[in-house]
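Participant: Handing you this structure, nothing more for now.
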Amino acid sequence: MRKIWRPIPLHLTMLELLKLKGGTATDKDLYESVKTVYDVSYQEFIKTLMKLEINGYVRVGTAKEGSLIIELVRGEE
1236 MRKIWRPIPL HLTMLELLKL KGGTATDKDL YESVKTVYDV SYQEFIKTLM
1286 KLEINGYVRV GTAKEGSLII ELVRGEE
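Reminder that position 58 of the sequence shown reads as 1293 in the working numbering, one-by-one numbering, no gaps.
And the structure:
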(Lines of atoms letter the chains of each structure in order from A and count residues from 1; the text may use other names and numbers.)
(Lines give C-alpha, C1' and ligand atoms only; values in the text may rest on other atoms or scores of the structure.)
Protein backbone atom coordinates (compact mmCIF):
# COMPACT_ATOMS: atom_id res chain seq x y z
CA MET A 1 0.00 0.00 0.00
CA ARG A 2 1.44 3.31 -1.10
CA LYS A 3 0.95 6.31 1.17
CA ILE A 4 0.43 9.72 -0.40
CA TRP A 5 1.18 12.91 1.52
CA ARG A 6 -1.51 15.48 0.90
CA PRO A 7 -1.03 19.22 1.45
CA ILE A 8 -4.33 19.27 3.39
CA PRO A 9 -5.32 16.10 5.27
CA LEU A 10 -8.28 14.19 3.84
CA HIS A 11 -10.39 14.54 6.99
CA LEU A 12 -10.06 18.34 6.94
CA THR A 13 -11.02 18.44 3.27
CA MET A 14 -14.07 16.29 3.99
CA LEU A 15 -15.14 18.60 6.83
CA GLU A 16 -14.71 21.71 4.65
CA LEU A 17 -16.70 20.19 1.79
CA LEU A 18 -19.44 19.17 4.21
CA LYS A 19 -19.58 22.75 5.54
CA LEU A 20 -19.89 24.05 1.97
CA LYS A 21 -22.85 21.71 1.45
CA GLY A 22 -24.69 23.23 4.41
CA GLY A 23 -23.61 20.60 6.93
CA THR A 24 -25.53 17.67 5.42
CA ALA A 25 -24.81 15.41 2.44
CA THR A 26 -25.18 11.84 1.27
CA ASP A 27 -22.12 9.61 1.16
CA LYS A 28 -22.21 9.49 -2.64
CA ASP A 29 -22.49 13.28 -2.96
CA LEU A 30 -19.64 13.93 -0.52
CA TYR A 31 -17.48 11.22 -2.11
CA GLU A 32 -17.92 12.77 -5.57
CA SER A 33 -16.89 16.16 -4.14
CA VAL A 34 -13.82 14.63 -2.47
CA LYS A 35 -12.89 12.90 -5.76
CA THR A 36 -12.62 16.32 -7.46
CA VAL A 37 -9.86 17.24 -4.99
CA TYR A 38 -8.11 13.91 -4.28
CA ASP A 39 -7.71 10.57 -6.00
CA VAL A 40 -9.11 8.53 -3.12
CA SER A 41 -10.78 5.12 -3.07
CA TYR A 42 -14.27 4.68 -1.63
CA GLN A 43 -12.74 2.39 1.00
CA GLU A 44 -10.34 5.13 2.16
CA PHE A 45 -13.20 7.65 2.12
CA ILE A 46 -15.36 5.41 4.36
CA LYS A 47 -12.41 4.74 6.70
CA THR A 48 -11.84 8.49 7.13
CA LEU A 49 -15.58 9.04 7.58
CA MET A 50 -15.61 6.47 10.41
CA LYS A 51 -12.71 8.29 12.11
CA LEU A 52 -14.64 11.56 11.88
CA GLU A 53 -17.71 9.88 13.38
CA ILE A 54 -15.73 8.26 16.22
CA ASN A 55 -14.14 11.62 17.08
CA GLY A 56 -17.55 13.31 17.17
CA TYR A 57 -17.20 15.59 14.13
CA VAL A 58 -19.99 14.01 12.08
CA ARG A 59 -23.06 11.85 12.59
CA VAL A 60 -23.77 9.13 10.02
CA GLY A 61 -27.16 7.51 9.52
CA THR A 62 -29.02 5.63 6.84
CA ALA A 63 -31.10 7.66 4.40
CA LYS A 64 -32.45 4.78 2.33
CA GLU A 65 -31.31 1.35 1.14
CA GLY A 66 -27.59 1.60 0.31
CA SER A 67 -27.27 5.32 1.07
CA LEU A 68 -25.81 7.12 4.06
CA ILE A 69 -26.62 10.62 5.27
CA ILE A 70 -23.76 12.57 6.86
CA GLU A 71 -24.41 15.48 9.24
CA LEU A 72 -21.80 17.88 10.53
CA VAL A 73 -21.87 17.95 14.34
CA ARG A 74 -19.00 20.32 14.95
CA GLY A 75 -16.32 21.89 12.80
CA GLU A 76 -12.57 21.65 13.12
CA GLU A 77 -11.44 24.28 15.65
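Just so you know, even glycine gets a beta-carbon here, dropped at the ideal spot from N, CA and C.
1) Quick one: measure Cβ to Cβ for VAL1308 and TYR1292, integer angstroms, because I've assumed they're closer than 8 angstroms.
2) First and last residue of the beta strand (DSSP E) that includes ILE1205?
3) So, helix, strand or coil for LYS1299, using DSSP?
4) Would you say the beta carbon of GLU1306 is closer than 6 angstroms to some non-hydrogen atom of the ligand GDP?
5) TYR1277 lies in the alpha helix (DSSP H); which residues open and close that run?
Facilitator: Taking the structure as given:
1) Stepping through the sequence shown from its first residue, residue 1308 is reached at position 73. Stepping through the sequence shown from its first residue, residue 1292 is reached at position 57. Indeed they touch by this definition, with Cβ atoms about 6 angstroms apart.
2) Not covered by the structure: residue 1205. The range shown for the chain is 1236 to 1312.
3) Along the sequence shown, read from residue 1 onward, the residue named residue 1299 stands at position 64. Secondary structure at LYS1299: strand, using DSSP grouped into helix, strand and coil.
4) Among the components of this structure there are no ligands whatsoever, and the ligand GDP is therefore not found.
5) Mapped onto the sequence shown, residue 1277 falls at position 42. First-last of the alpha helix (DSSP H) with TYR1277: 1277 to 1289.
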